[in-house]
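Student:
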Amino acid sequence: MSIRAERERLAARQRLFEYLRQHPAPPALHYAEMPRTRPHVRPDRQLATRPASDPIVAGFYVNWDDNSYASLKSHLDNLDWVVAEWGFVGRGGDTLPVRFEVPDSVLSMIRGAQQPPSVLALITNFTGEDFDPRPVARMLRRPGLRRKALDEIMSAVTTYDLAGLTIDFEQLPQSLHPELLAFLRQLRARLRPTGRLLTQTIPGDDASWPAEQYAAVNDRVFVMLYDEHDPSDDPGPIASQAWFEHHLQRVLARVPADRLLIGIGQYGYEWSDTSESAIELTYQDVMVLARDHHTMPSMDAGSLNPTFAWDDADSTSYIVWFLDGPTAYNQIRRALPTGVAGIGVWRLGSEDPSLWAVLGREGLASSPASLDTIHIGYDVEFIGTGEILRMVAEPTVGARTLMTNPATGLIVREAVTRTPSTYVIRRYGRRKRAVALTFDDGPDPVWTPRILDTLRAHEAKATFFIIGENAEVHPELVRRELREGHEIGNHTFTHPNLSLVSPRATRYELNATERLIEAITNRRTALFRPPYFGDAEPTTPDELVPIAVAQDLGYITVGLRDDPGDWAEPGVDSIIRRSLDQLGRGNVILLHDGGGNRYQTVRALGPLIDSLRARGLALTTVTALAGISRDQAMPPLPRNAALRRFMDLTSFSIAGWIELGLHAVFLVAMVLGVARLLGILGLAIRQRTARRYARRAADDAYRPSVTVVVPAYNEERVVCRTVISLLAQKYTPLEIVVVDDGSTDGTFAALTAVFRNHPQVRLFRKPNGGKASALNWGVDRATGEIIVALDADTVFPAGTIAALVARLADPHVGAVAGNAKVGNRINLITRWQAIEYVTSQNIDRRAFALLNCVTVVPGAVGAWRRHLILQAGGFSGSTLAEDQDLTLILLRRGWRVAYADDAVAFTEAPDTLRTLARQRFRWSFGTLQCAWKHREAMFHPRYGALGMVGLPNIWIFQLLFPLISPIADLLFLWSVLRVYMNYVEHGPEYALQTLIQVVMYYTAFLAVDWVAAVIALFMERSE
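In terms of this note's numbering, the sequence shown opens at residue 2 and continues consecutively.
1. Take R525 and list the residues in its own chain whose beta-carbon comes closer than 8 Å to its own, dropping the five residues that flank it on each side.
2. By the DSSP assignment, the beta strand (DSSP E) with P712 in it spans what residues?
3. Pick helix, strand or coil for L881, following the three-state DSSP scheme.
4. Go ahead and pull the three-state DSSP assignment for P637.
5. Excluding five sequence neighbours on each side, which residues of the same chain lie with their C-beta closer than 6 Å to the C-beta of T621?
6. Quick check on A698: does DSSP put it in helix, strand or coil?
7. Output the distance between the C-alpha atoms of M392 and R530, rounded to the nearest integer angstrom.
8. Nearest CA to the CA of G378: which residue from S69, L960, L591?
9. Go to P136, then tell me how far its beta strand (DSSP E) extends in each direction, as first and last residue.
10. Pull up the distance between the alpha-carbon of W778 and that of D970, whole angstroms please.
11. Who are the Cβ neighbours of A358 in its own chain at under 8 Å, not counting the five residues just before and after it?
12. Less than 7 Å separating the beta-carbons of D454 and H593?
13. To the nearest angstrom, report how far apart E493 and E473 are at their CA atoms.
14. Can you tell which of F101, V447, L181 has its C-alpha closest to the C-alpha of P134?
15. In the DSSP output, what is V99 paired with across the bridge?
16. Counting only C-beta atoms, is V447 closer than 7 Å to chain B at any point?
17. G785 by DSSP, collapsed to three states: which one?
18. What are the boundary residues of the beta strand (DSSP E) that I955 is part of?
19. Considering Cα atoms alone, identify which of T801, R936, H487 is closest to L952.
20. So who's on the other strand from S422, going by DSSP bridges?
21. Around the C-beta of W1011, are 16 or more other C-beta atoms found within 10 angstroms, so that it is buried, or is it exposed?
22. Return the CA-CA distance between S1025 and M140, expressed in angstroms with no decimal places.
23. Classify E477: buried if its beta carbon has 16 or more other beta carbons within 10 angstroms, exposed otherwise.
24. DSSP three-state label for N769, please.
25. Should L606 be counted as a contact of the ligand SAH given a C-beta to heavy atom distance under 6 Å?
26. Cβ of D746 within 7 Å of Cβ of N715?
27. Taking its Cβ as the centre, do 16 or more other Cβ atoms sit within 10 Å of I239, making it buried, or is it exposed?
28. Buried or exposed for S630, going by 16 or more other Cβ atoms inside 10 Å?
29. Using a Cβ-Cβ cut-off of 7 Å (strictly less than) and excluding sequence neighbours within five positions of G205, which residues of its own chain qualify?
30. Relative to the C-alpha of A463, which candidate in N471, I489, W448 has its C-alpha closest?
31. Considering Cα atoms alone, identify which of L851, Q175, I384, S726 is closest to A208.
32. What's the C-alpha gap between L829 and N769?
33. Does the contact criterion of 3 or more C-beta pairs under 8 Å hold for the region 855–864 versus the region 747–756?
34. Suppose you measure from the CA of A803 to the CA of T784; what does that come to, to the nearest Å?
35. Considering Cα atoms alone, identify which of S299, D313, V502 is closest to M404.
36. Specify the secondary structure class of M1020 as computed by DSSP and reduced to three states.
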């Protein structure tokens, strides 16, 4: 050390000693040792009393500290506002004057709360090292940059649906205040019409800040009342009670109380005589220092701030001042009665967790008794080095004794009697000149074999942390890993984020995968790595609960320090370079053999192994790092476990086959669906343009007599309208036969009243026997050569019957199917059916008419040769689909069934989900009956297209597909959910890989379906 440096060190020590002589840190006292007389802090003047009725409780959140997330998650119910440091001035340069960094996971967590707090984005000029006023000055003084900043801020506010903003520009020169005030006026003018708030932080002890002017241009102002002594000062209280009250009174004299929120600090500083500036500490850091140096903090009687001091082995002197739950209690107790709008806690993650026992949305607790217990912090303590983790201590709460002044209600004595302890993790396994390769997320049928081939070619061993659901369907790869000398670890069954699930779910994930590994390999494993485990230093208690659960089950948790991020596909060279650059951090390299496209990992693996060996590093295994053998980590099962293993293996095999089967069903359904749509579309276009189905003038010469048979049951409301539409037909000779099938309403009376004497209309009434019997009754009494059948709720335009009859001019045509459309398009259900009739049913008839395998002439609109109906024995009542049954009979007898797209009928469709479900069940069951009745024609060449196309189409696409399509849809939705989970945990790169695999076939199906629908609608221009 130089002479100058030694002199500076001695001068700093003398200053510290002098301070300690003048302000000795009080010793720790037990409750019984505390004096009966209590000092009273006397501020400059008495604070006014105007208590706020519902004070706001705000917490400041930061991205850069995992503990901030843990605190926010734990105390959401205590907060009215979350002020999140998400906007940064200067980090994006002039091209991006304000850059926002908003984690989706944080927003989702906040808004998933039962009563979510409002979210305000804090915009700061903190650069990571200090507050920089220069980018703020550029933004404010350049009109173009200022407009751009305002636009970016408003875009973020609307994109993230924020409740408002908090501006936190610090260390600004006085000359910049006018420009900042103008900027805030412009920003508030933009925010106010949207109902969002503008707030700002200002220093509470700096009178040069025009507090009253800033209060006038903001909805609220945070007055930050801490840093009475900052890191560059001599040691002293962070916010002594008298100092706090003095500056609070000063600000209240200039600003209305209801515009103010009081920012209170929750942190500490450590000064030493070897450093010119203090180190900032969280409350948990403070407690660890006190425990490690065997000293107990206590409250300084003059400042009412806690402190403690010690000397280390080389005679370096240290002193710590900090703010905690009792100091916050005192400050809030004095602030709220003045009528201020609320309190802001700087910051979440560094605070004394016990604070939330006395502070919540309802305000401050009347008694500080809950502060006696010191709750555990959010950080994790580590001992040793290496990536093998073992928990050696679980959290324990601390304790302190408090005394209050009865006159003021303030806490005037505090003594910590037991420091709290969080999780303590022992790290071990550090080895010189050795590295272990590990692979997560397999086995994968494409990439795992290639990785195993590479490892075998390079005579290298690795550890594979397998996912149970992957191993379930690819057990042979797990056996190969074991057979080739590699190690197998547990990576859970479904790859959840264990920090977000319950301990019970964690045990299920581990046990299920363990049973599977045992069943496949006849061994158990003690190696475990949690999914989404970023490194060997879990930073929050949520990440440690799974480790504790796994350790209770006998597992060794394996972390990592070398992560090249191969899952994001950064490039082969990047994977190699990143792996080599991180070698100094640890001994375990994380790679992946599953979970996406691992082509780059496979390409990088060989060169990476060669590079590691070229650097003199030995390739080892995780068990070698842990100091145990492979057989100790993966012991064989005892002989008496053979039966259980057989049963487990059988169960998992069946489950794996079912899963493979379900995915195969999904794939087959997509492929068949696309193929059918393309085929139907091509045939329909061909039918539309075919000469033999074109309208021909010669058809007008064919005019046989026609009888229209209308079966009716309880159709009093619509049946007369149907008959009137028939009487308006432009076709003669025409007879209309209406058969009332035993209606219980006034159907027959309504018909009789209107049509009793009409020469074209014949009315009959019979006992109820079903639609088929009513049709046969009418056919038996019909005089026409052609029978046109329609339902009593259907209306024909004037040219429908003529269009039907025209197709029967071909003597080979035995029946004609018309073009049924939905007439009652009154709600979403009926409108969707209208589209379905055109894009599904009618386009199918176009295609199948070309092949002569139209399998149903619809009951709503169809024409038949009467003698063929009689030869077939009439409409059969043995099925619910009598029209389809008769159609299939005619086709099997060699008759053609044509399709007349210009024979339009408007029918009543179900207008509720209940009636729609009943109709579709009746159709499906009737179709099943007909398909079974005519099953012998299936794939029979004698029946031509009916046997080879029509009936297979019924079985596959009308009966089987409706059964499996919900499974395919559920698989798709589950896959999308998994993609979302991957996005939340891994980011867009990983999620995109999975998404491409999931939606490729589904998108192809939907695209073809959409194109077919558009073409079908173009074929019917009226739609």
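Every residue gets a Cβ at the ideal spot worked out from N, C-alpha and C, and that includes glycine.
Tutor: Quick answer:
1. Within the sequence shown, residue 525 is the residue found at index 524, counting from 1. Cβ neighbours of R525 beyond the five flanking positions: E515, I518, E519, M635, P636, L638.
2. Residue 712 sits at position 711 when you count from the first residue of the sequence shown. Unbroken beta strand (DSSP E) run through P712: 707–713.
3. As a working note, residue 881 is residue 880 in the sequence shown. Residue state, collapsed to three classes: coil.
4. The residue labelled residue 637 in the question sits at position 636 within the sequence shown. In the structure shown, P637 sits in a strand (DSSP, three-state: E or B).
5. Residue 621 sits at position 620 when you count from the first residue of the sequence shown. Correct list, in chain order: A435, A437.
6. The residue you call residue 698 lines up with position 697 of the sequence shown. The pLDDT assigned to A698 is 38, lower than 50, so where the model puts this residue is not dependable; a value taken from the coordinates is nonetheless given after this. Note: A698 maps to helix in three-state DSSP.
7. Counted from its first residue, the sequence shown places residue 392 at position 391. Counted from its first residue, the sequence shown places residue 530 at position 529. Separation of M392 and R530 (C-alpha to C-alpha, rounded to the nearest whole angstrom) is 14 Å.
8. Numbered from 1 along the sequence shown, position 377 holds the residue referred to as residue 378. For G378, the nearest C-alpha among the options comes from S69.
9. The residue labelled residue 136 in the question sits at position 135 within the sequence shown. Here P136 belongs to no beta strand (DSSP E); instead the alpha helix (DSSP H) covers 134–142.
10. To locate residue 778, count along the sequence shown from 1; it is residue 777. To locate residue 970, count along the sequence shown from 1; it is residue 969. So the alpha carbons of these two residues sit roughly 45 Å apart.
11. As a working note, residue 358 is residue 357 in the sequence shown. If we look at A358 and ignore the five residues flanking it on each side, its Cβ neighbours are G326, A366, S371, L372, T374, H376.
12. For this step, residue 454 is matched to residue 453 along the sequence shown. For this step, residue 593 is matched to residue 592 along the sequence shown. Result no, Cβ atoms of D454 and H593 do not sit closer than 7 Å.
13. On the sequence shown, position 492 is the one that residue 493 refers to. On the sequence shown, position 472 is the one that residue 473 refers to. Note that residue 493 corresponds to Thr in the displayed sequence, not to Glu. Looking at the two C-alpha atoms, the distance is approximately 12 Å.
14. As a position in the sequence shown, residue 134 is number 133, starting the count at 1. Per the Cα distances, L181.
15. If you number the sequence shown from 1, residue 99 lands on position 98. Its beta-bridge partners are V90.
16. The chain inventory of the structure shown lacks chain B, comprising one protein chain alone.
17. Working through the sequence shown from its first residue, we reach residue 785 at position 784. Three-state DSSP puts G785 in coil, outside helix and strand.
18. Mapped onto the sequence shown, residue 955 falls at position 954. Counting along the chain, I955 falls outside any beta strand (DSSP E), and DSSP gives it neither H nor E.
19. Counting from 1 along the sequence shown, the entry for residue 952 is found at position 951. It is R936.
20. Looking up residue 422 in the sequence shown gives position 421. For S422, which the question treats as bridged, DSSP gives the partners T397.
21. Within the sequence shown, residue 1011 is the residue found at index 1010, counting from 1. Around the beta carbon of W1011, a 10 Å sphere encloses fewer than 16 other beta carbons of the protein chains shown; the residue is thus reported as exposed.
22. Outside the modelled stretch of the chain, which goes from 2 to 1024, sits residue 1025, for which no answer is possible.
23. For the purposes of this step, residue 477 is identified with residue 476 of the sequence shown, where counting begins at 1. E477 should be labelled exposed.
24. Residue numbering aside, residue 769 sits at position 768 when the sequence shown is read from its first letter. If DSSP states are grouped into helix, strand and coil, N769 belongs with coil.
25. Here there are no bound small molecules, and the ligand SAH is not part of this structure.
26. On the sequence shown, position 745 is the one that residue 746 refers to. On the sequence shown, position 714 is the one that residue 715 refers to. For D746 and N715, yes; Cβs fall inside 7 Å.
27. Counting from 1 along the sequence shown, the entry for residue 239 is found at position 238. Classified as buried, I239 has 16 or more neighbouring CB atoms from the shown chains inside 10 Å of its CB.
28. For the purposes of this step, residue 630 is taken as the residue at position 629 of the sequence shown. With fewer than 16 Cβ atoms within 10 Å of its Cβ, S630 is classed as exposed.
29. What you label residue 205 is simply residue 204 of the sequence shown in a count that begins at 1. Closer than 7 Å at Cβ, skipping near neighbours: V224, M225, L226, H248, V252.
30. If you number the sequence shown from 1, residue 463 lands on position 462. Among N471, I489, W448, the Cα nearest to that of A463 belongs to I489.
31. One-based indexing of the sequence shown puts residue 208 at position 207. Looking at the Cα atoms, Q175 is the closest of the given residues.
32. What you label residue 829 is simply residue 828 of the sequence shown in a count that begins at 1. What you label residue 769 is simply residue 768 of the sequence shown in a count that begins at 1. Spanning the two alpha carbons is a distance of roughly 34 Å.
33. no
34. On the sequence shown, position 802 is the one that residue 803 refers to. On the sequence shown, position 783 is the one that residue 784 refers to. For A803 and T784, the distance between alpha carbons rounds to 18 Å.
35. Along the sequence shown, one-based indexing puts residue 404 at 403. Of the listed residues, the one whose Cα sits closest to M404 is S299.
36. Sequence index remark: in the sequence shown, residue 1020 carries index 1019 (1-based). DSSP places M1020 in helix when its eight states are reduced to three.
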